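Trainee:
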Amino acid sequence: MSSSDLPAAPDAGFTFVAAPSHPGAERLFAYWSEKCAGKAMPDRADINLADLSDIAPNLAITEPLEDGDFRIRLFGSALTQMTGEERTGMKVSEIGRSSPENAISRRWSAIQKAAISRGAPVFAVTKASSAERDHLIYHAVCLPLTHGGSEVGQILGALFTTYRQTGEAS
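Here the sequence shown is numbered in the numbering used here, starting from 246 and rising by one per residue.
(1) How many whole angstroms separate the CB atoms of Val370 and Thr260, which I take to be in contact at a CB cut-off of 8 Å?
(2) Closest to Phe405 by CA distance: which of Ala263, Arg352, Gln357, Ala270 is it?
(3) Beta carbon of Arg316, beta carbon of His392: below 8 Å?
(4) Grouping DSSP H, G and I as helix and E and B as strand, with all else coil, what is Glu308?
(5) Under three-state DSSP, which class holds Asp288?
(6) Is it buried or exposed, His395, if we count other Cβ atoms within 10 angstroms and call 16 or more buried?
(7) Which partner residues of Gly402 appear in the DSSP bridge assignment?
(8) Take the Cβ of Ser298 as the centre, count every other Cβ of all protein chains shown within 10 Å, and call the residue buried at 16 or more, exposed below.
(9) Using alpha carbons as the reference points, say which of Asn303, Gln357, Gly283, Gly258 lies closest to Thr325.
(10) Quick one: using the 10 Å Cβ neighbour count with 16 as the cut-off for buried, is Lys284 buried or exposed?
(11) Taking Cβ positions, are Trp277 and Leu381 nearer each other than 8 Å?
(12) Give me the Cα-Cα distance between Glu308 and Gln399, rounded to the nearest whole angstrom.
(13) By DSSP, does Ile340 sit in helix, in strand, or in coil?
(14) Pick helix, strand or coil for Ile300, following the three-state DSSP scheme.
(15) Going straight from the alpha carbon of Val262 to that of Ile349, what length do you get?
(16) Please check the pair Leu401 and Ile306, which I expect to be a contact at CB under 8 Å, by giving their CB distance rounded to whole angstroms.
(17) On the DSSP bridge assignment, give the partners of Ala369 in chain order.
(18) Taking 8 Å as the cut-off, decide whether the C-beta atoms of Leu390 and Pro287 are in contact.
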């Protein structure tokens with residue numbers, strides 16, 4: 246996959262990358278690829294979260310809605326800790342009570358929409374959107390799943406963090 250195949254995101258606050266940029270994202274992508282078993286994407290029924298117990302706290306499963314929004318079906322405990330809020334059951338558009346949170350909602354929606362439009366995995370890297378977390382880099386992965394059909398019915402996603410390197414531009 247080439248990042249040039251993805252929609253431009255100059256003002257989105259993230260950068261699409263061609264491959265997973267974190268060991269946890271690599272692990273999830275390898276698992277997803279194995280479950281494809283010759284198909285464009287696996288079905289949700291092919292995914293056993295027990296197989297991913299080492300990275301499960303970083304996982305999210307969302308479902309695209311007809312209005313372009315996404316319903317959060319699963320929001321891992323590490324994500325809850327990162328955000329300070331349990332988001333299972335929420336719509337992505339409901340995230341955004343503060344300016345940094347609104348930026349997160351927009352980024353997450355854009356990355357998921359790219360995975361749906363391509364029907365293929367999407368990887369992205371972004372800086373934290375709040376000053377108190379400016380030292381963090383987020384590594385996102387969105388992997389499309391069918392849900393009993395041939396179209397994208399859910400997104401298996403994950404978010405992992407690393408620390409910004411000393412001297413790296415903010």
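Here a beta-carbon is modelled for each residue, glycine too, at the ideal position from N, C-alpha and C.
Being a predicted model, the structure only gives us computed values, none of them experimental.
Mentor: A quick look at the data gives this:
(1) Confirmed, about 5 Å.
(2) Residue Ala270 holds the alpha-carbon nearest to the alpha-carbon of Phe405 among Ala263, Arg352, Gln357, Ala270.
(3) Pairing Arg316 with His392 gives a Cβ-Cβ distance that is not under 8 Å.
(4) In the three-state reduction of the DSSP assignment, Glu308 falls in the strand class, which pools E and B.
(5) Reduced to three states, the DSSP call for Asp288 is strand.
(6) At residue 395 the sequence reads Ser, which differs from the His that was named. Ser395 comes out exposed.
(7) Answer is Ala305, Cys387.
(8) Answer is exposed; the Cβ neighbour count stays below 16.
(9) From the listed residues Asn303, Gln357, Gly283, Gly258, the smallest Cα separation to Thr325 is found for Asn303.
(10) Around the beta-carbon of Lys284, fewer than 16 other beta-carbon atoms lie within 10 Å, marking it exposed.
(11) Not closer than 8 Å, so no.
(12) Taking the straight line from one Cα to the other gives about 4 Å.
(13) Of the three classes helix, strand and coil, the one that applies to Ile340 here is coil, per DSSP.
(14) Here Ile300 sits in coil by DSSP.
(15) Distance between Val262 and Ile349, taken at the CA atoms: about 18 Å.
(16) Indeed they touch by this definition, with Cβ atoms about 6 Å apart.
(17) In the DSSP assignment, Ala369 forms a beta bridge with Phe261, Ala385.
(18) Yes; because the gap between Cβ atoms is below 8 Å, this pair is in contact.
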